[in-house]
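S.K.: Read in my numbering, the sequence shown has 1682 at position 269, and its numbers run on one by one without any break.
The beta-carbon is built from N, C-alpha and C at its ideal position, and this holds for glycine as well.
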Amino acid sequence: MGKILFVSNRSEKIKQYREIMKKHDFTVAESESSAIEAVEITQFDIIIFDDNLDKNIMKKLKSVTNKPSFILLTKKDKLESDKDINGFLTDDMPEELVNSAINLNLRTHKSLEQLSDTNKNLADSLYRLNVLYSTSSKFAGSLDKEKLLDYMIEGMDKSLSFDLTCTLAFCTEEQPVLILNSLYEISDELLNAIKIRTAMNYKSLFKMPLTDNIKVIKNIKYPGKSFTFSIFEYDNMFAPISAGDNFFGCIEIFKETPFTSDDATCFQTIAQQVSLPLKSATLYQEIKETNLKLEKLERLKSEFISIVSHELRTPLTAIKNSLDILSCGRCGDINDSGIKFLSMAQRNVERLSGIINDLLDLSKIEAGKMDYHFTNMNIHSVIDYVKNSLAGVANEKGLRLIAEETVNLPDINADSQRLEQVLTNLVSNAIKFTPSGKTITIRSHLADASQITTNECFKPDIDKLKGQYVIVCVEDEGIGIAQKDLLRAFDKFAQIENSLSRKAGGSGLGLPIAKQLLEAHNGAIWCDSEPEKGSRFYFALPVSQIPADEKILISN
1414 MGKILFVSNR SEKIKQYREI MKKHDFTVAE SESSAIEAVE ITQFDIIIFD DNLDKNIMKK
1474 LKSVTNKPSF ILLTKKDKLE SDKDINGFLT DDMPEELVNS AINLNLRTHK SLEQLSDTNK
1534 NLADSLYRLN VLYSTSSKFA GSLDKEKLLD YMIEGMDKSL SFDLTCTLAF CTEEQPVLIL
1594 NSLYEISDEL LNAIKIRTAM NYKSLFKMPL TDNIKVIKNI KYPGKSFTFS IFEYDNMFAP
1654 ISAGDNFFGC IEIFKETPFT SDDATCFQTI AQQVSLPLKS ATLYQEIKET NLKLEKLERL
1714 KSEFISIVSH ELRTPLTAIK NSLDILSCGR CGDINDSGIK FLSMAQRNVE RLSGIINDLL
1774 DLSKIEAGKM DYHFTNMNIH SVIDYVKNSL AGVANEKGLR LIAEETVNLP DINADSQRLE
1834 QVLTNLVSNA IKFTPSGKTI TIRSHLADAS QITTNECFKP DIDKLKGQYV IVCVEDEGIG
1894 IAQKDLLRAF DKFAQIENSL SRKAGGSGLG LPIAKQLLEA HNGAIWCDSE PEKGSRFYFA
1954 LPVSQIPADE KILISN
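This is the structure we're talking about:
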């Protein structure tokens, strides 16, 4: 049954249609004023307009009503199409045809209404999906907690058109923050009531102590008008903002018109969507704070090492000078036992001095204060110096130290003193970890970076190299290193755990220092080794020219 308005000034037609329309909600208007009054009060499905009346009345009805179906009652036999007319009835039309025409128009009108409602719902759904997508994109692009909460409120405003939101946040500052986003101004009395309500809701939901000290941030859209306590009679929704065990706050939203189930779904979705980015932002903030603490600790450590090393060097110099004076006999003759103990003391002073120098070098490198004096030089001079310097130490241990060099290697731009330090460290380690009767070999050759092969753990460093490089290798026949420990050998203070390494001792700083010195030369260092089969330590330095020929020079 539909609602029908019959507009006519012909009494016989009014009487006729009253009889025909017994099954419908039928209203009659006999004049323009009564017709307009009727459509202002009631929404009709069909308006039957008598062609006997002035057509301007129909136009006025169209301007004040919500698009009913218009049927024209006419005396004409020939009907002309009119965009404003949805159907026609003629004076001589039988009752059955009148009923059929009206029922058909009612069904058509209902179908169009349903289609219109479906299209409107679809448009609303698409709009909300677009809002949710836009909001989630903003969430994904920010690690700022305050912005994330702003994006949440903005998304809810666009999709729900709220009157007031109360967001209690525990993640933006040290104290809880109540963020109010309101259409109209909020009085102090209403604000206190909202604070108590929000805090009580938080307490009851999460069983935590009531927080008296709540900071308030108000964002008012239209300050010229004020809310009253009737706001609490509005429809409202409440949701926690949390991800797993991480609780960031809660939000309550008020709206004068009732929320729909789609509103509730959208509200809960946005409240859940913001939780994971807030968790990521919290972790990011914790990482930043941890990194700052680590940087501070690293700085303090470097300063401590530098200060301690300098403080140790002063008394150590005095001890060394005293031992030198005693050993040369300036204070009188010393028996064989005294000479033995003096020699032991001098060796340990030298060892301690080396450790202190390593600590000082490390602190300089980490502080960026290591001095370099780059000049064009040949690697042969470095190899020759180190070989001659350590030959005596190798002989005392019963080792053979040799060099196999490629002649006519191109010059490199380097600090010779720092390269001597690197090579001395590698050869000293080889001597330290190689049993008596074995051989240690220093080799050099030219290679393109693409020809360098190495263990997988060193590939990131090798892949950075481009062009031609002078390669130096220190090969020994010592205890070797397990594959899992190759990279760890270059860690600061690292000692590979086996009986011989523990017996040999050392600061564990030689290889890390060598690595950083070579990086300052735009070079690299790596090693290849197997337990009980010796080790090969390599380092590469860039060159600018390729030699015309290469010959092998072997020296003992």
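1) Please specify which runs of the beta strand (DSSP E), each continuous and at least 3 residues long, are wholly inside the segment 1840-1888, giving them in chain order.
2) Taking its Cβ as the centre, do 16 or more other Cβ atoms sit within 10 Å of Arg1743, making it buried, or is it exposed?
3) Would you decide whether Ala1780 is buried or exposed? Buried here means 16 or more other CB atoms lie within 10 Å of its CB.
4) Between the Cα of Leu1485 and the Cα atoms of Ser1476, Ser1529, Ser1421, which residue gives the shortest distance?
5) Apart from the five residues on each side of it in sequence, which residues of its chain come closer than 6 angstroms, Cβ to Cβ, to Glu1443?
6) Can you list, in chain order, the residues of its chain with a C-beta nearer than 7 angstroms to that of Leu1913? Leave out the 5 residues immediately preceding and following it.
7) Taking the C-alpha atoms as reference points, what is the distance between Thr1455 and Asp1675?
8) I think Ser1595 touches Lys1634, with their Cβ atoms under 8 angstroms apart; what is that distance to the nearest whole Å?
9) What does the alpha-carbon distance come out to for the pair Lys1608 and Glu1602?
10) For the beta strand (DSSP E) that contains Gly1893, what are its first and last residues?
11) Is the distance from the Cβ of Val1441 to the Cβ of Val1477 below 7 angstroms?
12) Flag this pair as yes or no: are the beta carbons of Gly1657 and Leu1581 separated by less than 7 angstroms?
13) Would you give the residue range spanned by the beta strand (DSSP E) that Glu1598 belongs to?
14) Could you compute how far the alpha carbon of Glu1833 sits from the alpha carbon of Tyr1785?
15) What do you get for Leu1710, buried or exposed, if any count of 16 or more other CB atoms within 10 angstroms of its CB means buried?
16) Using the three-state DSSP reduction, which class does Lys1782 fall into: helix, strand or coil?
17) Helix or strand or just coil, what does DSSP make of Asn1791?
18) Cβ of Asn1499 within 7 angstroms of Cβ of Ser1513?
19) Is it a yes or a no for the segment 1880-1897 touching the segment 1849-1864, going by three-plus beta-carbon pairs under 8 angstroms?
20) Decide if Met1621 is buried, meaning its Cβ has at least 16 other Cβ atoms within 10 Å, or exposed.
21) Going straight from the alpha carbon of Ser1948 to that of His1793, what length do you get?
22) Just tell me which of Asn1543, Ser1655, Lys1551 has its CA closest to the CA of Cys1584.
23) Report the residue ranges of all beta strand (DSSP E) runs contained in full by the segment 1651-1709; include only those spanning at least 3 residues, in chain order.
24) Is Val1820 helix, strand or coil when you go by DSSP?
25) From the DSSP secondary-structure annotation, give me the bridge partner or partners of Val1629.
26) Rounded to a whole number of angstroms, what is the C-alpha to C-alpha distance between Leu1474 and Leu1525?
27) Mind listing, in chain order, the continuous alpha helix (DSSP H) runs of no fewer than 4 residues lying wholly within the segment 1538-1594?
28) What does a CB cutoff of less than 6 angstroms around Tyr1597 pick up in its chain, not counting 5 residues either side in sequence?
29) Could you give the DSSP three-state label for Asp1463: helix, strand or coil?
30) Got a sec? Which residues, its chain only, sit under 7 angstroms from Lys1810 by beta carbon, not counting five neighbours each side?
31) On a Cα-Cα basis, can you pick out the residue from Phe1950, Met1783, Pro1690, Asn1826 that is closest to Lys1551?
M.R.: Considering the structure as presented:
1) 1852-1861, 1881-1888
2) In the sequence shown, the residue the question calls residue 1743 occupies position 330. Arg1743 should be labelled exposed.
3) Residue mapping note: residue 1780 aligns to position 367 of the sequence shown, counting from 1. Exposed.
4) Residue mapping note: residue 1485 aligns to position 72 of the sequence shown, counting from 1. Residue Ser1421 is the option with its Cα nearest to Leu1485.
5) Here residue 1443 is taken as the residue at index 30 of the sequence shown, counted from 1. Counting only Cβ-Cβ distances below 6 angstroms, and skipping sequence neighbours, we find Asn1422.
6) Numbered from 1 along the sequence shown, position 500 holds the residue referred to as residue 1913. For Leu1913, the pLDDT reaches just 43, beneath the cut-off of 50, and the residue's location in the model is therefore unreliable, although a value from the coordinates is still provided. Cβ within range, chain order: Phe1846, Ile1892.
7) Walking along the sequence shown from the start, residue 1455 turns up at place 42. Walking along the sequence shown from the start, residue 1675 turns up at place 262. The alpha-carbon atoms of Thr1455 and Asp1675 are separated by roughly 29 angstroms.
8) The residue you call residue 1595 lines up with position 182 of the sequence shown. The residue you call residue 1634 lines up with position 221 of the sequence shown. The C-beta distance from Ser1595 to Lys1634 rounds to 7 angstroms, short enough to fall under 8 angstroms.
9) On the sequence shown, position 195 is the one that residue 1608 refers to. On the sequence shown, position 189 is the one that residue 1602 refers to. Roughly 10 angstroms between the two C-alpha positions.
10) As a first step, residue 1893 is located in the sequence shown; it is residue number 480 there, counting from the start. That residue, Gly1893, is in no beta strand (DSSP E); it is neither H nor E in DSSP.
11) To locate residue 1441, count along the sequence shown from 1; it is residue 28. To locate residue 1477, count along the sequence shown from 1; it is residue 64. No, the Cβ-Cβ distance between Val1441 and Val1477 is not below 7 angstroms.
12) If you number the sequence shown from 1, residue 1657 lands on position 244. If you number the sequence shown from 1, residue 1581 lands on position 168. Taking 7 angstroms as the Cβ cut-off, Gly1657 and Leu1581 do not qualify as a contacting pair.
13) Stepping through the sequence shown from its first residue, residue 1598 is reached at position 185. 1590-1598 is the extent of the beta strand (DSSP E) around Glu1598.
14) By one-based count along the sequence shown, residue 1833 stands at place 420. By one-based count along the sequence shown, residue 1785 stands at place 372. Put simply, the backbone Cα of Glu1833 is about 13 angstroms away from that of Tyr1785.
15) Taking the first residue of the sequence shown as 1, we reach residue 1710 at position 297. Exposed.
16) Within the sequence shown, numbered from 1, the residue matching residue 1782 stands at position 369. Residue state, collapsed to three classes: coil.
17) The residue you call residue 1791 lines up with position 378 of the sequence shown. Of the three classes helix, strand and coil, the one that applies to Asn1791 here is coil, per DSSP.
18) What you label residue 1499 is simply residue 86 of the sequence shown in a count that begins at 1. What you label residue 1513 is simply residue 100 of the sequence shown in a count that begins at 1. Not a contact, by the Cβ cut-off of 7 angstroms.
19) Yes, the segment 1880-1897 is in contact with the segment 1849-1864.
20) Stepping through the sequence shown from its first residue, residue 1621 is reached at position 208. Caution applies to Met1621, whose pLDDT of 49 falls short of 50 and renders its modelled position unreliable; the value that the coordinates give is listed next. Met1621 should be labelled exposed.
21) Taking the sequence shown and counting its residues from 1, one reaches residue 1948 at position 535. Taking the sequence shown and counting its residues from 1, one reaches residue 1793 at position 380. Between Ser1948 and His1793, the C-alpha separation is close to 22 angstroms.
22) For the purposes of this step, residue 1584 is taken as residue 171 along the sequence shown, with counting starting at 1. Measuring from the Cα of Cys1584, the nearest candidate turns out to be Ser1655.
23) 1659-1668
24) Here residue 1820 corresponds to residue number 407 of the sequence shown, with the count starting at 1. Coil.
25) For this step, residue 1629 is matched to residue 216 along the sequence shown. Answer is Leu1591.
26) Residue 1474 sits at position 61 when you count from the first residue of the sequence shown. Residue 1525 sits at position 112 when you count from the first residue of the sequence shown. Whole-angstrom Cα-Cα distance: 20 angstroms.
27) 1558-1573
28) Against the sequence shown, residue 1597 aligns to sequence position 184. Only Tyr1635, Lys1638, Ser1639, Phe1640 meet the Cβ criterion.
29) Taking the sequence shown and counting its residues from 1, the one referred to as residue 1463 is at position 50. If DSSP states are grouped into helix, strand and coil, Asp1463 belongs with the strands.
30) On the sequence shown, position 397 is the one that residue 1810 refers to. Here Lys1810 has Ile1844, Ser1849 as same chain residues with Cβ atoms under 7 angstroms from its own Cβ, once five neighbours each way along the sequence are excluded.
31) Position 138 of the sequence shown, counted from the start, is the residue given in the question as residue 1551. Checked all of Phe1950, Met1783, Pro1690, Asn1826; the closest Cα to Lys1551 is Pro1690.
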